[in-house]
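Contents: one structure, followed by commentary.
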């Protein structure tokens with residue numbers, strides 16, 4: 007049966023990879039001696055920006071800061087709901103200066119920013135899902151931050167334990183298809199967390215490890231179009247079967263630092 011999915015225009019904050027590099031190793035994807043093609047990273051990122059605009063989405067930009075090679079991963083900077091900004095407090099000291107840069111951007115735009123007391127890495131581990139916020143922990147964001155998020159937004163926040171270091175952020179293991187459903191890789195989660203997801207989303211799209219390792223779950227969906235890593239071929243086939251429209255965007259150069267499409271995309275709600 008063919009389904010007609012309806013897209014919803016989104017507002018995204020992004021940061022050009024002008025200073026992108028791999029200078030340190032803070033996740034299993036990173037190697038300190040990795041050579042990075044900055045021109046290729048920039049070209050791939052620009053392809054993502056064009057894809058967003060071509061599909062009707064508003065894209066805004068924060069000025070990159072020299073010496074902050076991971077600032078391109080804008081999703082880690084905050085969670086924004088109903089115009090309220092819950093900021094970040096990075097686990098890795100190398101990334102902590104990003105917090106102030108993003109905070110200044112939001113404040114300049116008229117937003118009030120709540121700085122978390124606990125370690126929290128924004129949309130990397132906080133995924134709005136209809137009436138809930140799905141919240142990852144295990145490697146970066148702490149459970150205490152989940153409690154802060156619930157108190158700040160007044161939205162039920164569901165803790166999910168990540169157990170595979172390759173999926174160190176929730177947005178590498180799960181993404182929202184629409185207000186009712188998700189796609190995820192079950193083995194990235196503890197047994198109890200898998201049971202929670204099974205109860206909440208019995209019709210979820212289940213990804214293989216190959217597709218997850220190809221950054222297929224670090225995707226962005228507008229409810230119809232899914233901006234997805236092209237190497238996640240099995241996932242792309244499943245999306246098509248479910249009535250979604252895959253929009254493949256290759257960010258392979260940015261994968262060297264453990265990030266992909268969603269990592270580069272902060273949604274302003």
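Numbering (this note's numbering), first residue to last: 7 to 275.
Beta carbons: idealized from backbone N, C-alpha and C, even for Gly.
Since the model is a prediction, treat every value here as computed from it, not as a measurement.
Practice task
Note the first and the last residue of the continuous beta strand (DSSP E) segment covering residue 239.
Solution key: Against the chain shown, residue 239 aligns to sequence position 233. From DSSP, residue 239 is part of no beta strand (DSSP E) but of the alpha helix (DSSP H) over 239-247.
Problem - Complete runs of the alpha helix (DSSP H) confined to the stretch 115-163 [at least 4 residues] - result: 149-159
Exercise for the section: Name, in chain order, the residues that DSSP records as bridge partners for residue 21. Expected result: Counted from its first residue, the chain shown places residue 21 at position 15. Residue 21 is bridged to 68.
Problem - Member of 273, 40, 183 whose CA lies at the smallest distance from the CA of residue 250 - result: Stepping through the chain shown from its first residue, residue 250 is reached at position 244. That would be 183, whose Cα lies nearest to the Cα of residue 250.
Practice task
Compare the beta carbon distance of residue 71 and residue 98 with 7 Å and say whether it is the shorter of the two.
Solution key: Locating residue 71 in the chain shown gives position 65, where the first residue counts as 1. Locating residue 98 in the chain shown gives position 92, where the first residue counts as 1. No, these two residues do not count as a Cβ contact at 7 Å.
Practice task
Assign residue 231 to one of three DSSP states: helix, strand, or coil.
Solution key: Counted from its first residue, the chain shown places residue 231 at position 225. Strand at residue 231.
Practice task
Let me know the secondary structure DSSP gives residue 32 once reduced to three states.
Solution key: The count along the chain shown starts at 1 and reaches residue 32 at position 26. Note: residue 32 maps to coil in three-state DSSP.
Handout entry: Status (buried if at least 16 other CB within 10 Å, exposed otherwise) for residue 266
Key = Numbered from its first residue, the chain shown carries residue 266 at position 260. Classification for residue 266: buried.
Handout entry: Length-filtered (4 minimum) alpha helix (DSSP H) runs lying within the stretch 187-236
Key = 197-206, 215-219
Practice task
Counting only the same chain and skipping the five closest in sequence on each side, list residues whose C-beta sits under 6 Å from that of residue 23.
Solution key: Numbered from 1 along the chain shown, position 17 holds the residue referred to as residue 23. Cβ within range, chain order: 47, 48, 51, 78.
Practice task
Would you mind sorting residue 12 into buried or exposed? The rule is 16 or more other CB atoms within 10 Å of its CB.
Solution key: Position 6 of the chain shown, counted from the first residue, corresponds to residue 12. It counts as exposed.
Handout entry: the stretch 236-243 contacting the stretch 149-156, beta-carbon criterion three pairs below 8 Å
Key = no
Exercise for the section: Along the alpha helix (DSSP H) that carries residue 59, what are the first and last residues, could you check? Expected result: Against the chain shown, residue 59 aligns to sequence position 53. It spans 44-60 - the alpha helix (DSSP H) in which residue 59 sits, taken as one unbroken run.
Handout entry: Best match in 117, 140, 270, 15 for proximity to residue 89 [C-alpha to C-alpha]
Key = Within the chain shown, numbered from 1, the residue matching residue 89 stands at position 83. It is 117.
Exercise for the section: Give the straight-line distance between the Cα atoms of residue 121 and residue 208, rounded to the nearest whole angstrom. Expected result: Numbered from its first residue, the chain shown carries residue 121 at position 115. Numbered from its first residue, the chain shown carries residue 208 at position 202. Going from the Cα of residue 121 to the Cα of residue 208 covers about 35 Å.
Practice task
May I have the straight-line CA-CA distance separating residue 109 from residue 93, to the nearest angstrom?
Solution key: Residue numbering aside, residue 109 sits at position 103 when the chain shown is read from its first letter. Residue numbering aside, residue 93 sits at position 87 when the chain shown is read from its first letter. So the two alpha carbons sit approximately 7 Å from each other.
Handout entry: DSSP three-state assignment for residue 14, whether helix, strand or coil
Key = As a first step, residue 14 is located in the chain shown; it is residue number 8 there, counting from the start. Note: residue 14 maps to coil in three-state DSSP.
Practice task
Could you name the residues of the same chain whose beta carbon sits closer than 6 Å to that of residue 275, not counting the 5 residues immediately before and after it, in chain order?
Solution key: Here the question's residue 275 lines up with position 269 in the chain shown. These residues qualify, in order along the chain: 86, 87.
Problem - Nearest neighbour of residue 158, chosen from 84, 105, 195, 196 [CA to CA] - result: Here residue 158 refers to the residue found at position 152 when the chain shown is read from its first residue. If we check each option's Cα against that of residue 158, 84 comes out closest.
Exercise for the section: Assign residue 5 to one of three DSSP states: helix, strand, or coil. Expected result: Since the first residue shown for the chain is 7 and the last is 275, residue 5 is missing from the structure and cannot be characterised.
Exercise for the section: Put residue 7 into one of helix, strand or coil per three-state DSSP. Expected result: The residue labelled residue 7 in the question sits at position 1 within the chain shown. Confidence at residue 7 is low in this model, with a pLDDT of 42, below 50, so the placement of that residue should be treated as unreliable; the coordinate-derived value is given next. Coil, per DSSP.
Practice task
Can you grab the Cα-Cα spacing for the pair residue 18 / residue 190, in whole Å?
Solution key: By one-based count along the chain shown, residue 18 stands at place 12. By one-based count along the chain shown, residue 190 stands at place 184. For residue 18 and residue 190, the distance between alpha carbons rounds to 22 Å.
Practice task
List the DSSP bridge partners of residue 167.
Solution key: Stepping through the chain shown from its first residue, residue 167 is reached at position 161. Its beta-bridge partners are 143.
Exercise for the section: Classify residue 85 as helix, strand or coil using the three-state DSSP reduction. Expected result: Position 79 of the chain shown holds residue 85. Looking at residue 85 - three-state DSSP - the assignment turns out to be strand.
Problem - Local conformation of residue 180 per DSSP, three classes - result: Against the chain shown, residue 180 aligns to sequence position 174. DSSP places residue 180 in strand when its eight states are reduced to three.
Problem - the stretch 210-219 / the stretch 253-264 touching (three or more Cβ pairs under 8 Å) - result: no
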